[in-house]
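Here's the structure, in structure tokens; my notes come after.
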Amino acid sequence: MKKSKFASLFLASSLLVGILAGCGAGEEGSSSKGGDEIKIGVNLELSGPVASYGSSQNDGFNLAVEEINAAGGIDGKQIKLVTVDNKSDAAESTSAAIKLTSQDKVAAIIGPATSGNSVAQVQIANDSKTPMITPSGTSPTVTVADNGSVNEYAFRTSFIDPFQGTVAANFATNELKVKTAAVYSDNASDYAKGLAASFIKDFEAAGGTIVQKESYVAKDTDFRSTLTRIKGANPEFIFIPGYYEEVGLIVKQARELGITVPLMGADGWDSPTIVDLAGAEALNNTFVINHYSAEDPDGKAKEFADKFNDKYGKSPNSFNALGYDTVYLLKDAIERAGSTDGTKIKDALKATDNLDLVTGLYSVDENHHPVKSATILEFVDGKQVFNTKVNP
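Numbering (mature numbering (1 follows the signal peptide of the UniProt record, and there is no 0)), first residue to last: -25 to -1, 1 to 367.
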């Protein structure tokens, strides 16, 4: 969506929130903490192009809430999730945030999953003083506005794009020992552009050479002509920041064209669907930066994997883990705040320091960026295998 459309949408949203501000979403005594429950809004991509992310996080949300409620809730109050499907669309995300804050009067919002849909919610969160936590919106623009100011009510559970780009550059240079690389990214995605810029900067700073930079458009299905140009540049490594729908086809077509070099991406690759799209064999010799691995030797990660498997009959992915952690992050903040007042929850979130979560120890810096480690996974015959962990 273009900036002008966002501006118009945000202006209209701001006016609506202003009109309804007297409702006081999240204030003490409001319906966000009425009776024996605390209402938490869920704004997720449950349908549309990236529904796999939202559905995975929703599973994590539900497991965490089930556990917390069974243990007595938060300060004796049961959590009630109020869920809205944003249909993987930025305008729908804004509408969902308006509904959750002005109509449902939730104490906080968890979601959306993607950076663009999270940015579309930020103004509503700030205007209504309703804390929001995106589990996986990795673009810095979610928490820091274009003018450099911090979006006071916006937080995230995941690390940010520049960190992922840096991790990829360091892995390519130090572990794979490559000297040349190509970058193939989605030219309309803030997520992909941020990762690409960070990778290029750090790879070149380490002495590497970018031999080819190419871009694609979301929902493209034929990438062969561009991949042929990349192959002609003879890179030793290709960095492909993007989402699984296109990446799966890119990987498949790259291997069909005889491109055998290592391919690498970030958390946008993390969906079981990528194996269906690319094929297990094509994904061999590809690497993913991620937030979590069920094979992580850390005890807390293993305990979560067992509980998730007991409930859903499958091994969790990073979006499941981030969803789960997001609920516990919010729970911790509400307990420390001693309140469901939005400002008090926001202040508690800002003060989070070394909270022990499934995806690692979690702290918040001055820009509301998490300080936490990243995991590198390798695809082996269609399965993600733990490779290593990288600290910030």
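Cβ coordinates follow ideal geometry from the N, Cα and C atoms, glycine included. The model shown is predicted, which means the values in this text are computed figures rather than measured ones.
Who pairs with residue i in a beta bridge, going by DSSP?
i	result
Leu332	Gly335
Pro345	Val339
Lys364	Thr350
Gly119	First, the residue type needs correcting, since residue 119 is Val and not Gly in the sequence shown. Paired residues: Val125.
Mind checking whether residue i and residue j have CB atoms under 7 Å apart?
i	j	result
Ile49	Ile213	no
Lys14	Val57	yes
Val124	Ser160	The sequence as given places Ser at residue 124; Val does not occur at that position. Cβ distance not < 7 Å, so Ser124 and Ser160 don't count as in contact.
Asn33	Ile84	no
Ala100	Val117	no
Lys335	Lys325	A small correction: the amino acid at residue 335 is Gly; Lys does not occupy that position in the sequence shown. No, the pair does not count as a contact, with Cβ atoms beyond the cut-off.
Glu41	Gly29	no
His344	Ile108	no
Ala241	Gln359	no
Quick check on DSSP: helix, strand or coil for residue i?
i	result
Lys154	coil
Tyr218	coil
Asp356	coil
Leu56	strand
Glu42	helix
Phe212	coil
Ala83	strand
Lys62	coil
Asp50	coil
Ser6	Note that Ser6 scores a pLDDT of 42, beneath 50, so its modelled location is shaky and nothing firm can be said.
Cys(-3)	Only weak support exists for where Cys(-3) lies, its pLDDT of 41 falling under 50; the value from the coordinates is given anyway. Residue state, collapsed to three classes: helix.
Lys(-21)	Reliability fails at Lys(-21), whose pLDDT of 37 lies under 50, so the model's placement of it is uncertain and no value is given.
Ser160	strand
Phe262	strand
Thr196	coil
I need the boundaries of the alpha helix (DSSP H) containing residue i, first residue and last residue.
i	result
Tyr299	293 to 312
Ala279	Sequence inspection shows Phe at residue 279; the Ala mentioned does not correspond to that position. Run containing Phe279: 274 to 287, per the alpha helix (DSSP H) assignment.
Asn126	Where Asn126 is concerned, there is no enclosing alpha helix (DSSP H), given that its DSSP letter is neither H nor E.
Glu179	165 to 180
residue 453	Residue 453 lies beyond the residue range present for the chain, which begins at -25 and ends at 367; the question has no answer from this structure.
Asn145	136 to 145
Ile249	248 to 253
Return the first residue and the last residue of the beta strand (DSSP E) that residue i is part of.
i	result
Thr318	That residue, Thr318, is in no beta strand (DSSP E); its alpha helix (DSSP H) goes 317 to 325.
Ala129	129 to 131
Thr109	107 to 109
Ile185	184 to 191
Asp17	For the record, residue 17 in the displayed sequence is Val; it is not Asp. Per DSSP, Val17 belongs to the beta strand (DSSP E) from 12 to 19.
Gly240	238 to 240
Applying the criterion that 16 or more other CB atoms from any shown protein chain within 10 Å of the CB defines a buried residue, is residue i buried or exposed?
i	result
Thr327	buried
Ser200	exposed
Gly1	Confidence at Gly1 is low in this model, with a pLDDT of 39, below 50, so the placement of that residue should be treated as unreliable; the coordinate-derived value is given next. That one is buried.
Glu278	exposed
Thr184	exposed
Verify the CB distance criterion: does residue i have a CB-CB separation below 7 Å to chain C?
i	result
Gly317	No chain C appears in the structure shown, which is made up of a single protein chain.
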